[in-house]
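Counting in full-length UniProt numbering, the sequence shown runs from 1 upward without gaps. These notes are about the structure you will find just below.
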Amino acid sequence: MNPQAKLIFALSLTLGTTLTISSNHWIMAWTGLEINTLAILPLISKSHHPRAIEAATKYFLVQAAASALVLFSSMTNAWHTGQWDITQLSHPTSCLILTVALAMKLGLVPFHFWFPEVLQGSSLIVGLLLSTLMKFPPITLLYLTSPSLKPSVLMTMAILSTALGGWMGLNQTQTRKILAFSSISHLGWMAIIVAYSPKLALLNFYLYTLMTAAVFLSLNSIKALKLSTLMTTWTKAPSLNAILLLTLLSLAGLPPLTGFLPKWLIIQELTKQEVALAATIIALLSLLGLFFYLRLAYCATITLPPHTTNHMKQWYNNKPTNTMVAVLTTMSLMLLPISPIILAVV
């Protein structure tokens with residue numbers, strides 16, 4: 001792709017995200033979401049592979065439908081209350097429609113079907129953008145409107161997302177699909193807490209972005225798209241593979257790694273809010289996710305590939321690891337001890 005075109009798309013993504021997260025008028029927020037959608041489409045379809053074109057088409061249709069619902073919700077609210085302010089969403093029908101629209105934008109169950117397919121049709125870097133940057137504007141809108149949304153609806157969607165994200169990821173062999181179901185599962189944790197403690201949902205999103213970026217960039221460095229390829233990458237970058245094991249365990253939420261912090265705080269907050277049953281269910285469902293993270297980690301580092309493998313061993317890569325990968329991986333592993341400082345800042 002032409003570098004100038006890439007720059008325009010990158011600037012458009014930045015503009016769209018900034019416009020949505022900084023606006024307090026529904027029309028401006030909707031404009032930002034539309035700019036974002038139109039800017040990412042050429043990046044998804046740039047390889048001209050039929051699967052990439054299919055992914056771009058699916059993404060466009062789902063996001064266009066969700067944006068239309070955002071507009072419909074805000075107009076219904078403005079019609080009944082005379083308010084276009086994002087934080088003044090008070091009409092019950094508008095609140096319900098907005099919940100559906102944001103669930104479609106984020107890929108929450110039962111509107112999750114498009115996300116694994118779109119991620120599978122994209123490259124790892126575009127997949128990283130779809131899993132992190134493109135989720136930021138809808139999460140911000142969820143944060144701003146959280147007092148108006150029904151906690152029971154969000155809780156149901158959250159538990160279903162964590163269950164299906166873990167369950168459907170068990171049988172996958174493609175790393176991008178595994179990370180897509182991982183994203184759906186993590187969104188469940190954000191959705192369950194956003195009605196009780198919106199700041200905690202944002203903290204969870206930031207830490208999820210950090211860990212997911214580290215995993216995506218590590219996989220991009222060793223060019224691993226399938227588990228069978230991942231088994232042969234230990235010859236290419238042994239140290240990166242070893243660290244990838246810990247990053248995956250952090251994403252699974254095991255102590256004493258960074259990923260344990262949001263899960264710990266969310267379970268604590270849910271218990272304080274007297275919804276300990278939901279906290280117990282979501283904690284148990286996260287064990288499903290732990291299984292496929294362990295499977296990824298096992299394929300990457302613990303097992304040596306069988307001699308009958310169809311994949312050739314990869315040459316040892318003498319290049320130094322990307323600085324961004326090193327920084328993100330370190331943060332994905334070591335932020336738990338400084339959690340009091342993080343909580344003070346948040």
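For glycine and all other residues, C-beta sits at the position ideal for the given N, C-alpha and C.
### Task
Just tell me which of Thr173, Met155 and Leu187 has its CA closest to the CA of alanine 195.
As a first step, residue 195 is located in the sequence shown; it is residue number 195 there, counting from the start. Answer by Cα proximity: Met155.
### Query
Among Ser197, Phe216 and Leu287, which one has its Cα closest to the Cα of threonine 175?
On the sequence shown, residue 175 is found 175 positions in, with the first residue counted as 1. Taking only the C-alpha atoms, the option nearest threonine 175 is Phe216.
### Distance, isoleucine 302 Cα to methionine 134 Cα
Counting from 1 along the sequence shown, the entry for residue 134 is found at position 134. Counting from 1 along the sequence shown, the entry for residue 302 is found at position 302. If you draw a straight line from the Cα of methionine 134 to the Cα of isoleucine 302, it comes to about 33 angstroms.
#### Entry: Cβ pair count under 8 angstroms reaching 3, the region 134-154 against the region 33-51
With a cut-off of 8 angstroms, the region 33-51 and the region 134-154 count as touching, because enough Cβ pairs lie within range.
### Query
Starting from glycine 82 and walking both ways along the alpha helix (DSSP H), at which residues does that stretch end?
If you number the sequence shown from 1, residue 82 lands on position 82. From DSSP, glycine 82 is part of no alpha helix (DSSP H); its letter is neither H nor E.
### Nearest-angstrom beta carbon gap, leucine 160 and proline 116 [assumed within contact, 8 angstroms]
Walking along the sequence shown from the start, residue 116 turns up at place 116. Walking along the sequence shown from the start, residue 160 turns up at place 160. Not confirmed; about 15 angstroms, so no contact.
### Query
Nearest-angstrom Cα distance between residue 411 and lysine 272?
Beyond the ends of the chain as shown, which are 1 and 346, falls residue 411; an answer cannot be given.
### Message
Using C-beta distances below 6 angstroms, list every residue in its chain close to methionine 1, excluding the 5 sequence neighbours before and after it, in chain order.
### Response
The residue given as residue 1 occupies position 1 in the sequence shown. Answer for methionine 1: Lys46, listed in chain order.
### Query
Name the DSSP bridge partner or partners of threonine 25?
Here residue 25 refers to the residue found at position 25 when the sequence shown is read from its first residue. A quick correction: the sequence has histidine, not threonine, at residue 25. In DSSP, histidine 25 forms a bridge with Asp85.
### Query
Which value, in whole angstroms, describes the spacing of the CA atoms of leucine 187 and isoleucine 282?
As a first step, residue 187 is located in the sequence shown; it is residue number 187 there, counting from the start. As a first step, residue 282 is located in the sequence shown; it is residue number 282 there, counting from the start. Distance between the alpha carbons of leucine 187 and isoleucine 282 is about 12 angstroms.
### Query
If you count every other CB in all the chains shown that lies within 10 Å of the CB of residue 392, and 16 or more means buried, which is it?
Outside the shown range of the chain (1 to 346) lies residue 392, about which nothing can therefore be said.
### Distance CB(leucine 179)-CB(threonine 212) smaller than 8 angstroms
Here residue 179 is taken as the residue at index 179 of the sequence shown, counted from 1. Here residue 212 is taken as the residue at index 212 of the sequence shown, counted from 1. Taking the C-beta atoms as reference points, threonine 212 is found nearer than 8 angstroms to leucine 179.
### Query
Where does lysine 105 fall in DSSP's three states?
In the sequence shown, residue 105 corresponds to position 105, counting from 1. DSSP places lysine 105 in helix when its eight states are reduced to three.
### Task
Locate the alpha helix (DSSP H) running through valine 153, then write down its first and last residues.
Counted from its first residue, the sequence shown places residue 153 at position 153. In this chain, the alpha helix (DSSP H) harbouring valine 153 covers 151-169.
### Message
Please classify isoleucine 341 as buried or exposed, where buried requires at least 16 other C-beta atoms within 10 Å of its C-beta.
### Response
Within the sequence shown, numbered from 1, the residue matching residue 341 stands at position 341. By the 10 Å Cβ count, isoleucine 341 comes out exposed.
### Task
Give a yes or no on contact between the region 118-125 and the region 1-13, applying the rule of three or more CB pairs nearer than 8 angstroms.
Because the criterion of three Cβ pairs below 8 angstroms is not met, the region 118-125 and the region 1-13 do not touch.
### Message
I'd like the list of long-range same chain contacts for leucine 13, defined as Cβ closer than 7 angstroms, with 5 residues on each side in sequence excluded.
### Response
Residue 13 sits at position 13 when you count from the first residue of the sequence shown. Cβ within range, chain order: Asn36, Ala39, Ile40 and Leu133.
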